[in-house]
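Asker:
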Amino acid sequence: MTKEFKKLLIIISIILFFFYCFLLINHNGILLFWGDGADQYIQFVSNSYDMMRLGEFSLWNSTMGLGANMFTMFFTVLGSPSFYLMLLAPNKEYLVYFIAIIDVIRFLIISILAYFWISKLIINEKARITVSIVFTFSGWILFWMHMPHFMDMFIYLALILYCLENIFEDKKKILFSLSIAGLGVLSIYQLYMMSWFILFYMLCRYFMKYGKFDKKIFLPLLRKTLLFYLLGIGIGMIVILPSIFILLSTNRIDSSGFNLFSIISLNDILRTITSMISPVSNDYDYNLYFGAISNGIGDGNTIYNYTTILFPLLLGQLIHIKFKGKKVLLISTVIMYSLLLFRFSYFIINGNLSIRWTFFFVVINCMLLAFVLENQNQWNKKTLIINAFIVISMILGLTILSRSIDLISIQNRLIQKYVIPFLILISCLYVVSLIKFKRLFYFVLIVEILFCLFVRMFNGDHWIIDEGKSIDYYHSKIFYHDVINEIKSKETANSFYRLEIDSRDNLGYNLPLANNYKGFSFYVSVYNYYTAPLYENRLGNQWYNGYQPSKYLLKSLLGNKYLIQSKDTEIPYGYHEINNSNESNYIEFENSIDMGLGYATNKLISYEDVKDKSIFEQDMAMLQGIIVDDVNATSSYTMPNAVDFDSVNKVFKPLVDFEGQYYIDYSLDDPQTTCRYEMYYEGNQFDELTNYEVGYQAIVLDKPYNDVFAYCTSNNNPNHYSNINIYSIDNQDVDELYNNWNNQDKFEDVVYKGDEITAKIKITSSNKMVMTNIPYDPGWKVKVDGKYTPIKVVNFGLIGFELNEGMHDVQMTFIPQGLYVGGFITIVSLGILVFIVVKKK
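Using our numbering, you'd call the opening residue of the sequence shown number 186 and step up by one each time.
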């Protein structure tokens, strides 16, 4: 181990020591960020932890909403190498403590690999150490600290850069293939973006090294790089191919209807430029000078381009220094930054308008910084001082501008009070350390990195900090659900049932996932997209499928057996209390109808008849028959009584002695409308309610109201009032629906084991269609009495199939689409790799 490498480890260790001490002192060693970090990541890890530790891993995950292909988890958790360190936790309640420890390990690994990479480019000690640290704590990685698998991606980035440099020397080709395979398993998103970067980087470095095109050098280099790149993809195909099939079924790759060659907005351009002098402070609006706009690129976030204030301070030195390949590197930089201007770049490189691909700029910035530091003997001190004056003037000027004309959020106005003085101070200290007190340089660098980390942590987890009771609250919300465990104890291990919990905040959306029970709510970015029309947000664009009690009839049809409700809240009709413990804030209820795995009927409704109807009408159709994509289906359905109403935002009079619910449907105009209700009795306002559900809401008028005023305003435009329709359903009609379901042919003796479901069903008359409560996925196969039978999509995304009269044994098995082909390619690719290794020896 060289002295230089030891110095790097000492500096990194100091940074990581204070980083972890900060967490220990302020948060008991817990690193959780508001938003996706708290609401999503830990729940995903918790689910995977249970499956691995309990030996219950399956390729179909029944806890992701109604169920989804487990390969969606490779986008988030299972492909992340550091996740497997989480399995060392004694139980899943300790996972939140492991995140920070593993982050320390990640930072350490990234810095070491970055050092190996940059050492292939330059020989100066200060440049190597500095750039390794800057790369490790760049704005890109600090932004993605709330999603740790992105930090794993940065490990692969550093490793791939190191391998690419070695390929020029005909070395590390095997390691390059394995790195590509690992990245593909981690995330095909990142593999796709990295592929473009590899092409760009290799072209840049080739011309930096050789200056001109020489096919005798270039073509063999291209062949080697491409061969071992494709070999790496082949090795990872057992995960990559099934993941590709999932991705192609989603809406994650799209052009969003923009003109490919349109230029980004002026606001985005300004945010891109100022990102070089704006440390990342939080997840959603980190730029300290120009606020995000809703229609900007990447939701207006532009790029996370901060690579310490040292980078803009030294840019001016490029005028004076000379090094091999300087012209090529500068041209490459200009080309890359030019790509930011056009929306087609985002779509081609990223697949949509997201800005995750801008890790490119971290690499380019670090390369520029490396060569500037390498050639410090060519610097002009006067230029350094002038450059510092310009940077400080920009920081001050932009701060004054942003505050005077209100360009930023209230939160960022507060952050500026701490960050801006620090940036000015640290800029001055850098100049002093570079000109006179050179031993001060590493101290200034450490201080800046620590400050950036503290700002990111403090603002990133302010939501949790503001809770006061944050950690205890978080743990109890996610992990301690005795009431759920009690329900589980009543069921056999392999029985099929769903339960729902009344949890209306962000933490609650992923409770089924975190606690491994079959529920309805979920974070929609990774659920089964074949069922997108069926979920409660259909026709809308919400990130979460939350608890929506108005859909209790539909959820009964989908097998909801248990309901866990907060005390003193409205209980849907048809549920009866089974436990009311004074020690719990929740009450358990059981549904009076248990649909289990599904049912069979000969009442088929054509999809064509309902596809353009409101969400409420579609649900009513599903409650009375099975919707199939068959124009010859002739069954009809009936709608509840429509309340006499003048179409939009008027007063209606509740029915006298009415026992039931009113349904206010606003889905045709805007499913995410905010609907409010004002209740009056004898001219005086009695009560007011605000709706948060999507599509429609049920309300029970259990007080002597004689007038109800309903008005629905669009979430996108508060001045726009949406059209609404109001229906009434009395409890006798609900009983009739329940009795109808009870009289249908239903599954019996259901045994559910993740990737396999077995059951019996007796069909009591001529051919019927069977509707299961399992979401459709091409990987599902159905055997009836030992023979495969074709499956169909019914009820907007569920599995259905036809059966004739008689008793039948049904077996459903799941193998992800592309798994066998991907596995074959993986085996062949590994064989080729082994052959190459053996031949080389």
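Using N, Cα and C, we set each Cβ at its ideal position, and we do this for glycine too.
#1: Measuring CB atoms only, is the stretch 939-951 touching the stretch 229-248, in the sense that at least three cross pairs come out at less than 8 Å?
#2: Using a Cβ distance threshold of 8 Å, determine whether the stretch 876-887 contacts the stretch 843-851, with at least three qualifying pairs required.
#3: If you run the structure through DSSP and keep just helix, strand and coil, what is S751?
#4: Taking 8 Å as the cut-off, decide whether the C-beta atoms of Y760 and E775 are in contact.
#5: Among L455, L495, V816 and F529, which residue has its Cα nearest to the Cα of I593?
#6: With 16 other CB atoms within 10 Å as the buried threshold, where does C613 fall?
#7: In the structure shown, what three-state DSSP assignment does T957 receive?
#8: Whose CA, out of F532, F527, F544 and Q561, lies closest to the CA of L1033?
#9: Using C-beta distances below 7 Å, list every residue in its chain close to F574, excluding the 5 sequence neighbours before and after it, in chain order.
#10: Just reading off the beta strand (DSSP E) that I984 is part of, what are its end residues?
#11: Three-state secondary structure (DSSP) at T1011?
#12: Less than 7 Å between C-beta atoms, sequence neighbours within five positions excluded: which residues of the same chain meet that for R238?
#13: Quick one: residues in its chain with C-beta nearer than 6 Å to the C-beta of L180, no 5 flanking neighbours on either side, listed in chain order?
#14: Between which two residues does the beta strand (DSSP E) holding I590 run?
#15: Do I295 and A343 have their beta-carbon atoms positioned less than 8 Å apart in this structure?
#16: Considering only their Cβ atoms, is the gap separating G964 from P1001 smaller than 8 Å?
#17: For the alpha helix (DSSP H) containing A274, list its first residue and its last residue.
#18: Among L327, V316, G240 and Y279, which has the Cα closest to the Cα of F204?
#19: Using DSSP's beta-bridge definition, name the partner residues of A299.
#20: Output the distance between the C-alpha atoms of I595 and V465, rounded to the nearest integer angstrom.
#21: At the 8 Å Cβ level, is F986 part of the contact set with chain B, yes or no?
#22: On the CB-based measure, 16 or more other CB atoms within 10 Å of its CB, does A785 come out buried or exposed?
#23: Please state whether DSSP places V813 in a helix, a strand or coil.
#24: Roughly how far, in whole angstroms, is the beta-carbon of I196 from the beta-carbon of I631, given that I think they are within contact range, below 8 Å?
#25: How far does the alpha helix (DSSP H) with E867 in it extend, from its first residue to its last?
#26: Assess, as a yes-or-no matter, whether the stretch 212-225 is touched by the stretch 917-930 under the definition of 3 or more beta carbon pairs within less than 8 Å.
#27: On a Cα-Cα basis, can you pick out the residue from V795, Y890, D855 and D892 that is closest to Y881?
#28: Check whether the stretch 330-342 and the stretch 370-382 are in contact - that is, three or more C-beta pairs closer than 8 Å.
#29: Among G704, Y714, D667 and Q502, which has the Cα closest to the Cα of N764?
#30: I believe N535 touches R528 by the beta-carbon criterion, under 8 Å. Please report the beta-carbon distance rounded to the nearest angstrom.
#31: Give the single residue among T321, Y374 and I303 whose Cα lies nearest to the Cα of L349.
#32: Under 8 Å by Cβ, that's how I've got Q803 and V813 pegged, so tell me the actual separation to the nearest angstrom.
#33: Would you mind sorting L782 into buried or exposed? The rule is 16 or more other CB atoms within 10 Å of its CB.
#34: Taking only three categories from DSSP, how would you classify S820?
#35: Under 7 Å: does the beta carbon of Q375 sit that close to some heavy atom of the ligand NAD?
#36: Can you give, in chain order, each stretch of the beta strand (DSSP E) that sits fully within the stretch 891-922 and has at least 3 residues?
Answerer: Judging by the given coordinates:
#1: Result yes; three or more Cβ-Cβ pairs closer than 8 Å.
#2: The stretch 876-887 is in contact with the stretch 843-851.
#3: In the structure shown, S751 sits in a strand (DSSP, three-state: E or B).
#4: In contact: Y760 and E775 (Cβ atoms closer than 8 Å).
#5: Closest by alpha carbon: L455.
#6: It is exposed - the Cβ of C613 has fewer than 16 other Cβ atoms within 10 Å.
#7: Strand at T957.
#8: Absent from the structure is residue 1033, since the part of the chain shown begins at 186 and ends at 1026.
#9: Excluding residues up to 5 positions away in sequence, nothing lies with its Cβ nearer than 7 Å to the Cβ of F574 in the same chain.
#10: It spans L983 to L988 - the beta strand (DSSP E) in which I984 sits, taken as one unbroken run.
#11: Reduced to three states, the DSSP call for T1011 is helix.
#12: Excluding positions up to five away in sequence, the list reads L272.
#13: Outside the displayed span of the chain (186 to 1026) sits residue 180, for which this structure offers no information.
#14: Premise fails: I590 is in no beta strand (DSSP E) and is neither H nor E.
#15: Cβ atoms of A343 and I295: closer than 8 Å.
#16: In contact: P1001 and G964 (Cβ atoms closer than 8 Å).
#17: Where A274 is concerned, there is no enclosing alpha helix (DSSP H), given that its DSSP letter is neither H nor E.
#18: For F204, the closest C-alpha among the options L327, V316, G240 and Y279 is that of L327.
#19: Bridge partners of A299: none, in fact.
#20: Taken atom to atom, the span from the alpha-carbon of I595 to that of V465 is near 16 Å.
#21: Any reference to chain B falls outside this structure, which holds one protein chain only.
#22: It is buried - the Cβ of A785 has at least 16 other Cβ atoms within 10 Å.
#23: V813 falls in the strand class under three-state DSSP.
#24: At roughly 6 Å, the Cβ-Cβ gap stays under 8 Å, so I196 and I631 are in contact.
#25: E867 -> no alpha helix (DSSP H), and no H or E assigned at all.
#26: With a cut-off of 8 Å on Cβ pairs, the stretch 917-930 is not in contact with the stretch 212-225, counting fewer than three such pairs.
#27: The shortest Cα separation from Y881 among V795, Y890, D855 and D892 belongs to D855.
#28: The answer is yes - the stretch 370-382 touches the stretch 330-342, with three or more Cβ pairs under 8 Å.
#29: Comparing alpha carbon positions, the residue from G704, Y714, D667 and Q502 closest to N764 is D667.
#30: About 11 Å; that fails the 8 Å criterion.
#31: The residue among T321, Y374 and I303 with its C-alpha nearest the C-alpha of L349 is I303.
#32: Q803 to V813, Cβ: 13 Å. No contact.
#33: It counts as buried.
#34: Correct three-state label for S820: coil.
#35: Ligands displayed in this structure: none; no statement on the ligand NAD is therefore possible.
#36: Runs of the beta strand (DSSP E) lying entirely within the stretch 891-922, each at least 3 residues long, are 892-898 and 910-915 in chain order.
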